[in-house]
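Student: Take this structure first; my questions come after.
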Amino acid sequence: MFFYEGKTWDFFLGYDQIKQDADMKNLPLTSEIKFSGSASTANLGFHYKFSTEWWVKPYLSFEMLYPISSSSEYTIKSSDPSRITLNESETQPPIGARGGIGIEREITEKLSIGLEFFTAGYPFKYKYVGQDNRTSNQKIVDLSQSIQIDINLGLRYFF
1124 MFFYEGKTWD
1134 FFLGYDQIKQ
1144 DADMKNLPLT
1154 SEIKFSGSAS
1164 TANLGFHYKF
1174 STEWWVKPYL
1184 SFEMLYPISS
1194 SSEYTIKSSD
1204 PSRITLNESE
1214 TQPPIGARGG
1224 IGIEREITEK
1234 LSIGLEFFTA
1244 GYPFKYKYVG
1254 QDNRTSNQKI
1264 VDLSQSIQID
1274 INLGLRYFF
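If you count the sequence shown from 1, position 105 lands on 1228 in this note's numbering, and the numbers rise without skipping.
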């Protein structure tokens, strides 16, 4: 991660590797869908540090996330798999954002350790289209994982 350090603002450019897994059961026309995906994102954001005399500095963070690459796999267990179509383009994470709160402690002038709680704004989602054999109507079901809260613990080096 590359940082520009100001008195109360830090701007940075970073890189993340994300992995998501989902196991959904008892869905219409299927008994189960398993989904596994991963994505690489470039992050551009800032930290706003609060001025305190504490031994740790609290901060707010906000990042824009741009997907660089992604891959996904899914397995469908169904009594009639020919009636289910997954739209793979829906598994690509969109441009997203995340924000959070954290604390950091300076170790040296150029190195700090931090703990951050953040929420990710790019859940994997996808749709499947199934046909009800009793009415011949198509049903479109949109599946997505809820926004999660993550914990980040790491070292930061200021260039």
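The beta-carbon is built from N, C-alpha and C at its ideal position, and this holds for glycine as well.
(1) In terms of residue numbering, what span does the beta strand (DSSP E) encompassing residue 1224 cover?
(2) Give the secondary structure of residue 1131 by DSSP, where H, G and I count as helix, E and B as strand, and everything else as coil.
(3) Name the residue from 1221, 1180, 1189, 1194 whose alpha carbon lies nearest to the alpha carbon of residue 1235.
(4) Taking the Cβ atom as the reference point for each residue, do residue 1190 and residue 1231 lie within a distance shorter than 8 Å?
(5) In the structure shown, what three-state DSSP assignment does residue 1157 receive?
(6) What is the DSSP secondary structure of residue 1193, reduced to helix, strand or coil?
(7) Any beta carbon of chain B sitting closer than 8 Å to that of residue 1173?
(8) Let me check one thing: in DSSP terms, what residues is residue 1185 bridge-paired to?
(9) In whole angstroms, what is the alpha-carbon distance linking residue 1247 and residue 1170?
(10) In whole angstroms, give me the CA-to-CA distance for residue 1225 and residue 1182.
Tutor: Reading it off the structure:
(1) By 1-based counting over the sequence shown, the position of residue 1224 is 101. Where residue 1224 is concerned, the enclosing beta strand (DSSP E) stretches over 1219-1229.
(2) The residue given as residue 1131 occupies position 8 in the sequence shown. Residue state, collapsed to three classes: coil.
(3) Mapped onto the sequence shown, residue 1235 falls at position 112. Closest by alpha carbon: 1180.
(4) As a working note, residue 1190 is residue 67 in the sequence shown. As a working note, residue 1231 is residue 108 in the sequence shown. Contact: no.
(5) Within the sequence shown, residue 1157 is the residue found at index 34, counting from 1. Looking at residue 1157 - three-state DSSP - the assignment turns out to be strand.
(6) Residue mapping note: residue 1193 aligns to position 70 of the sequence shown, counting from 1. In the structure shown, residue 1193 sits in a strand (DSSP, three-state: E or B).
(7) Protein chains in the displayed structure number just one, and chain B is not present.
(8) One-based indexing of the sequence shown puts residue 1185 at position 62. Answer by DSSP bridge pairing, in chain order: 1169, 1222.
(9) The count along the sequence shown starts at 1 and reaches residue 1247 at position 124. The count along the sequence shown starts at 1 and reaches residue 1170 at position 47. With a pLDDT of 47 at residue 1247, under the threshold of 50, the modelled position of that residue is not reliable, and no figure is offered here.
(10) Within the sequence shown, numbered from 1, the residue matching residue 1225 stands at position 102. Within the sequence shown, numbered from 1, the residue matching residue 1182 stands at position 59. Each residue's alpha carbon lies about 5 Å from the other.
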